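Student:
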Amino acid sequence: QPGCITWVGDDDYGTKLKQDLARMGVDISHVHTKHGVTAQTQVELHDNDRVFGDYTEGVMADFALSEEDYAWLAQYDIVHAAIWGHAEDAFPQLHAAGKLTAFDFSDKWDSPLWQTLVPHLDFAFASAPQEDETLRLKMKAIVARGAGTVIVTLGENGSIAWDGAQFWRQAPEPVTVIDTMGAGDSFIAGFLCGWSAGMTLPQAIAQGTACAAKTIQYHGAW
Numbered sequence: 001q002p003g004c005i006t007w008v009g010d011d012d013y014g015t016k017l018k019q020d021l022a023r024m025g026v027d028i029s030h031v032h033t034k035h036g037v038t039a040q041t042q043v044e045l046h047d048n049d050r051v052f053g054d055y056t057e058g059v060m061a062d063f064a065l066s067e068e069d070y071a072w073l074a075q076y077d078i079v080h081a082a083i084w085g086h087a088e089d090a091f092p093q094l095h096a097a098g099k100l101t102a103f104d105f106s107d108k109w110d111s112p113l114w115q116t117l118v119p120h121l122d123f124a125f126a127s128a129p130q131e132d133e134t135l136r137l138k139m140k141a142i143v144a145r146g147a148g149t150v151i152v153t154l155g156e157n158g159s160i161a162w163d164g165a166q167f168w169r170q171a172p173e174p175v176t177v178i179d180t181m182g183a184g185d186s187f188i189a190g191f192l193c194g195w196s197a198g199m200t201l202p203q204a205i206a207q208g209t210a211c212a213a214k215t216i217q218y219h220g221a222w
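At position 89 of the sequence shown (counting the first as 1) the number is 89 in full-length UniProt numbering, and the numbers step up by one without a gap.
Given below as structure tokens:
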């Protein structure tokens with residue numbers, strides 16, 4: 001059973017998030033309710049492509065893992081977080097404890113976490129518009145700094161991975177795009193599920209691609 005650690009506000013959004021996560025089978029015992037506003041992202045659709053607008057961080061501005069949260073994580077094999085989640089400080093300890101660690105940098109290529117966090121990651125995920133020599137050099141440098149594998153989703157151009165030995169490329173599935181919201185998250189979820197089930201790197205990437213293709217065929221993946 002997947003689990004989630006986060007903070008939500010004591011507002012309607014927080015209540016709905018907890019209800020929806022529970023309905024989907026996620027353990028919400030460590031989705032903590034704090035006094036304040038649940039984090040919110042304003043999203044617009046431009047030609048079926050999601051464009052992020054204003055972000056209200058709300059209670060997540062002060063997020064930190066408690067000792068109880070760390071203890072609860074001990075039951076899990078894979079720990080994943082994204083760059084907005086304020087969970088990066090937990091990764092050295094979790095990686096040292098033998099957890100498979102994954103982190104989504106999104107398109108934040110200028111983040112200082114690329115220098116400090118990658119030695120504690122088995123999988124570093126990011127996004128870019130397309131593949132070029134500059135991107136390939138960045139990917140090689142990330143693995144050289146200690147990441148196990150770096151995987152970059154490229155939107156309509158598919159994805160590319162570097163595992164320290166070779167590049168792996170995956171074309172996107174030809175589908176009718178309704179809303180690109182959640183494509184990257186679905187890719188990562190599908191990939192990690194495949195990897196945990198014993199798939200090879202290209203097989204797991206293909207599964208992630210299939211999950212993303214399904215997500216972008218309906219409105220409002222979040």
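C-beta atoms are modelled at their ideal positions from N, C-alpha and C, and glycine is treated no differently.
Treat the numbers as computed from the prediction; the structure is a model and nothing was measured.
1. Quick check on Glu44: does DSSP put it in helix, strand or coil?
2. Under the three-state reduction of DSSP, which class applies to Ala141: helix, strand or coil?
3. Can Phe187 and Phe125 be called in contact, C-beta distance under 9 Å?
4. Using CA coordinates, which residue listed in Lys16, Glu67, Ala82 is at the minimum distance from Gly184?
5. According to DSSP, simplified to helix, strand and coil, what is Gln207?
6. Provide the residue(s) that pair with Ile188 in DSSP beta bridges, ordered along the chain.
7. Name, in chain order, the residues that DSSP records as bridge partners for Ile5.
8. So Asp69 is in the beta strand (DSSP E); what residue range does that whole segment cover?
9. Looking at Thr15 and Met60, is the spacing between their C-beta atoms short of 9 Å?
10. When we look at the beta-carbon of Cys211 and count the other beta-carbons within 10 Å, is it buried (16 or more) or exposed?
11. Please report the distance separating the alpha-carbon of Asp47 from that of Leu192.
12. Using only the alpha-carbon positions, how far apart do Gln115 and Ile216 sit?
Tutor: In brief:
1. Shown here, Glu44 sits in a strand according to DSSP, grouped into three states.
2. If DSSP states are grouped into helix, strand and coil, Ala141 belongs with the helices.
3. For Phe187 and Phe125, yes; Cβs fall inside 9 Å.
4. Checking every option, the nearest Cα to that of Gly184 belongs to Ala82.
5. Residue state, collapsed to three classes: helix.
6. Its beta-bridge partners do not exist; DSSP assigns none.
7. Per DSSP, His30.
8. From DSSP, Asp69 is part of no beta strand (DSSP E) but of the alpha helix (DSSP H) over 67-73.
9. Between Met60 and Thr15, the C-beta gap is not smaller than 9 Å, which leaves the two residues out of contact.
10. Residue environment for Cys211: buried (at least 16 other C-beta atoms within 10 angstroms of its C-beta).
11. It is roughly 30 Å from the alpha-carbon of Asp47 to the alpha-carbon of Leu192.
12. Approximately 32 Å between the Cα atoms of the pair.
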